[in-house]
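Chemist: Here's a structure for you.
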Amino acid sequence: MNRIIHAALVLGAVLFASMRDAGSASAADSAVTTTGDQTGSGASVWNQWRGPDRDGRIPGSSWPDKLDGRLQLQWSKDHSPSYSGPVLLDDLVFTTETIDRKYEQVTAYRLSDGQMVWNRRWEGHMAVPFFAAKNGDWIRSTPACVPGHLVILGMRDVLVSLDPQTGQENWRNDLPASEGTPLQPFGAVCSPLIDGDVVYVQSGGGLIKVDLATGRVLWTVLGGSSDMMSSGAFSSPVMAVIAGKKQLVVQTRLELCGVDPDDGTVLWKTPVEAFRGMNILTPLVIGDRIFTAAHSGRSHLFQIANDDPDGWTVNEVWSQKTQGYMSSPVVIDGNVYLHLKNQRFTCLDLQDGSIRWTSRPIGDYCSLVHNDRQILSLANDGVLRLIEPTSDEFRVVDTAQVATDAWAHLAVRDDLVVVRDLNSLRLYRWTDSANR
Numbered sequence: 500m501n502r503i504i505h506a507a508l509v510l511g512a513v514l515f516a517s518m519r520d521a522g523s524a525s526a527a528d529s530a531v532t533t534t535g536d537q538t539g540s541g542a543s544v545w546n547q548w549r550g551p552d553r554d555g556r557i558p559g560s561s562w563p564d565k566l567d568g569r570l571q572l573q574w575s576k577d578h579s580p581s582y583s584g585p586v587l588l589d590d591l592v593f594t595t596e597t598i599d600r601k602y603e604q605v606t607a608y609r610l611s612d613g614q615m616v617w618n619r620r621w622e623g624h625m626a627v628p629f630f631a632a633k634n635g636d637w638i639r640s641t642p643a644c645v646p647g648h649l650v651i652l653g654m655r656d657v658l659v660s661l662d663p664q665t666g667q668e669n670w671r672n673d674l675p676a677s678e679g680t681p682l683q684p685f686g687a688v689c690s691p692l693i694d695g696d697v698v699y700v701q702s703g704g705g706l707i708k709v710d711l712a713t714g715r716v717l718w719t720v721l722g723g724s725s726d727m728m729s730s731g732a733f734s735s736p737v738m739a740v741i742a743g744k745k746q747l748v749v750q751t752r753l754e755l756c757g758v759d760p761d762d763g764t765v766l767w768k769t770p771v772e773a774f775r776g777m778n779i780l781t782p783l784v785i786g787d788r789i790f791t792a793a794h795s796g797r798s799h800l801f802q803i804a805n806d807d808p809d810g811w812t813v814n815e816v817w818s819q820k821t822q823g824y825m826s827s828p829v830v831i832d833g834n835v836y837l838h839l840k841n842q843r844f845t846c847l848d849l850q851d852g853s854i855r856w857t858s859r860p861i862g863d864y865c866s867l868v869h870n871d872r873q874i875l876s877l878a879n880d881g882v883l884r885l886i887e888p889t890s891d892e893f894r895v896v897d898t899a900q901v902a903t904d905a906w907a908h909l910a911v912r913d914d915l916v917v918v919r920d921l922n923s924l925r926l927y928r929w930t931d932s933a934n935r
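Here it is, written out as structure tokens:
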């Protein structure tokens, strides 16, 4: 960010601000009530970081051709700070917060009328280094939800599973206590990934696989050091089939890696240089290729293959000067749309990395969602943009002011747009999704 006035603040503020994207816990639990069954599938689900496939894409969704007059606020609820994106399942939306620098809390609301269904809290605050404190010290990991389990990673690497219907705790694993791993210097950032009956998350001890039923750690790989510049993770993993093999694509502070989800074998890896290990973006998988962009580094497209007699290979298709920051990109029709370190938005040709256009500055952060025909972009100043994805120019169709301080990822499902402002949760609804 550009709010730095001397060298010490460069390191601190940049490190900490990167974790906006996204405790030694005790039983200080609040009362809970109940709600109905939790199901959902396909494009109608927004139950984890960046949506159904963790790539910002919700295929089949139909949005109006403008925001003005079409996007109306249904309800708003005040909250303590959070950088976690909201997640939805059936008629419930879940949001996190850090209260009084002591508690982490999760609250469930009914989508239809904003009625609180339950909330649950535990001790979980973590103080950050003094030079980063001005940027906040609250929860930032986006939960993941499936029927029976809402999984939250707190600032102190405490992984908690709650029943999404009732808020009752299924299990809790204080990873530093149970695994002997270090706290992450600026708190936990990675958003959990649920796949079948297991959970994957990047913790202070590395990438871990956890049994969803019990919370027990099954394996750990890609562990780093306790050094502030390499320990922990700012990115979140994705699951993909690459070169015919299902695998986790994981970006550590220093490398991009492919990991066998069954036994944790590291299939391949390649260095990705970034300022102070600031690899923040969620990797974008496009077939057998992977795009990423590093803070104060470069943009890269890698080709992953498994046809060499010696095993997996990683070849750089191209790299170029474009510097990412902490906003994960989307790909549409052979173009990558990416928000940059210099606050601008750009379009890159996927084939050769050439820059098709670059916009004027629009803010420090943007979360991106698309339906293959349109992009919704929420900037940190609370401006929502409806963008037509073209390779010719930055074409903003319409804008709407939906928040004031929005660093949490936008959530979109059917005719709902859910915004987590720093101090509130707001639900908007399209009033005319048929107008194309």
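For the sequence shown, our numbering gives the first residue as 500, with consecutive numbering after it.
Here a beta-carbon is modelled for each residue, glycine too, at the ideal position from N, C-alpha and C.
(1) What is the DSSP secondary structure of Pro770, counted as helix, strand or coil?
(2) Buried or exposed for Val740, going by 16 or more other Cβ atoms inside 10 Å?
(3) Is Val737 closer than 8 Å to Thr665 when the C-beta atoms are compared?
(4) Per DSSP, which one or two residues make a beta bridge with Met738?
(5) Name the residue from Val749, Val771, Gly686 and Leu753 whose alpha carbon lies nearest to the alpha carbon of Gly763.
(6) Out of curiosity, what's the CA-to-CA distance linking Gly535 and Gln667?
(7) Asp554 and Leu783: beta carbons closer than 8 Å?
(8) On the three-pair Cβ rule with 8 Å, is the segment 571-588 touching the segment 604-614?
(9) Spell out the partners DSSP gives Ser818 in its beta bridges.
(10) Need the endpoints of the alpha helix (DSSP H) that Ala899 sits in, please.
(11) If you draw a straight line from the alpha carbon of Pro551 to that of Trp929, how long is it in whole angstroms?
(12) Would you say Gly852 and Leu837 are within 8 Å of each other, going by their C-beta atoms?
(13) Taking Cβ to Cβ, would you say Ala804 is nearer than 8 Å to Asp832?
(14) Could you tell me which residues DSSP pairs with Thr594 in its beta bridges?
(15) Output the distance between the C-alpha atoms of Ile707 and Ile693, rounded to the nearest integer angstrom.
(16) In terms of alpha-carbon separation, which member of Trp906, Arg619, Tyr699 and Ser581 lies closest to Gln746?
(17) What does a CB cutoff of less than 7 Å around Gly722 pick up in its chain, not counting 5 residues either side in sequence?
(18) So for Ala676, helix, strand or coil by DSSP?
(19) Could you name the residues of the same chain whose beta carbon sits closer than 7 Å to that of Asp759, not counting the 5 residues immediately before and after it, in chain order?
(20) Go ahead and pull the three-state DSSP assignment for Gly757.
(21) Under DSSP, the beta strand (DSSP E) around Trp718 begins and ends at which residues?
(22) Comparing C-alpha positions only, which one of Ala742, Arg912, Gln701 and Leu658 sits nearest to Ala711?
(23) Once DSSP output is grouped into helix, strand and coil, what is the label at Arg775?
(24) Would the segment 863-872 count as touching the segment 890-903 if we require 3 or more Cβ pairs under 8 Å?
(25) CB-CB under 6 Å to Arg600, same chain, minus the five flanking residues each way: which ones, in chain order?
(26) In whole angstroms, give me the CA-to-CA distance for Thr821 and Leu847.
(27) Just to confirm my understanding: we take Ser579, look at its own chain, exclude 5 residues before and 5 after, and list those with CB closer than 8 Å. What are they?
(28) Could you give the DSSP three-state label for Ser866: helix, strand or coil?
(29) Our contact map puts Pro642 next to Pro691 with C-beta atoms below 8 Å; I'd like the distance itself, whole angstroms only.
(30) State the start and end residues of the unbroken beta strand (DSSP E) segment that holds Met615.
(31) Taking the alpha-carbon positions, what's the Val829 to Val835 distance?
(32) How many Å lie between Ser560 and Asp891 at the Cα?
(33) Let me confirm a value: Gln850 is counted as buried when at least 16 other C-beta atoms fall within 10 Å, else exposed. Which label applies?
(34) Going by the beta-carbon positions, is the gap between Ala907 and Gly584 smaller than 8 Å?
(35) Tell me the DSSP secondary structure of Asn501 in three-state form.
Modeler: According to the structure shown:
(1) Taken through DSSP and simplified to helix, strand or coil, Pro770 comes out as strand.
(2) It counts as exposed.
(3) Not in contact: Thr665 and Val737 (Cβ atoms no closer than 8 Å).
(4) For Met738, DSSP records a beta bridge to Leu747.
(5) Residue Val749 holds the alpha-carbon nearest to the alpha-carbon of Gly763 among Val749, Val771, Gly686 and Leu753.
(6) Only weak support is given to the placement of Gly535: the predicted model assigns it a pLDDT of 31, under 50, and the question is left unresolved by the model.
(7) Leu783 is positioned such that its CB atom lies closer than 8 Å to that of Asp554.
(8) Contact annotation: the segment 571-588 touches the segment 604-614, with at least three C-beta pairs closer than 8 Å.
(9) Looking at the DSSP output, Ser818 shares a beta bridge with His799.
(10) In this chain, Ala899 is not harboured by any alpha helix (DSSP H); it is covered by the beta strand (DSSP E) spanning Arg894 to Gln900.
(11) Whole-angstrom Cα-Cα distance: 20 Å.
(12) No; because the gap between Cβ atoms is not below 8 Å, this pair is not in contact.
(13) In this structure, Asp832 does not lie closer than 8 Å to Ala804 by Cβ.
(14) According to DSSP, residue pairing for Thr594 in a beta bridge involves Thr606.
(15) Cα atoms of Ile707 and Ile693: separation of roughly 12 Å, rounded to the nearest angstrom.
(16) With distances taken between Cα atoms, Gln746 lies closest to Tyr699.
(17) For Gly722, where only same-chain residues beyond five positions count, the Cβ hits under 7 Å are Gly704 and Gly705.
(18) Three-state result, Ala676: helix.
(19) Excluding sequence neighbours, Asp759 sits near Gln746 and Leu766.
(20) It is a strand residue.
(21) Val716 to Val720 is the span of the beta strand (DSSP E), which, as asked, contains Trp718.
(22) Residue 711 is actually Leu in this sequence, not Ala. The closest CA to that of Leu711, considering only Ala742, Arg912, Gln701 and Leu658, is found on Leu658.
(23) Arg775 falls in the helix class under three-state DSSP.
(24) As far as the Cβ criterion goes, the segment 863-872 does not touch the segment 890-903, which means the pair count is below three.
(25) Only residues of its own chain outside the window of five on either side were considered, and among them His624 have a CB closer than 6 Å to the CB of Arg600, listed in chain order.
(26) Using only the alpha carbons, I get a separation of about 9 Å.
(27) Only Glu596, Thr597, Ile598, Asp599, Gln604, Trp637 and Asn922 meet the Cβ criterion.
(28) DSSP places Ser866 within a strand segment (E or B) once states are collapsed to three.
(29) With 8 Å as the limit, Pro642 and Pro691 qualify as a contact, their Cβ atoms being about 7 Å apart.
(30) It spans Met615 to Glu622 - the beta strand (DSSP E) in which Met615 sits, taken as one unbroken run.
(31) So the two alpha carbons sit approximately 6 Å from each other.
(32) Near 24 Å, if we compare the C-alpha coordinates of Asp891 and Ser560.
(33) So Gln850 ends up on the exposed side.
(34) A contact, by the Cβ cut-off of 8 Å.
(35) Bear in mind that a pLDDT of 40 at Asn501, under 50, signals an unreliable position, so the number given afterwards is only what the model happens to contain. Here Asn501 sits in coil by DSSP.
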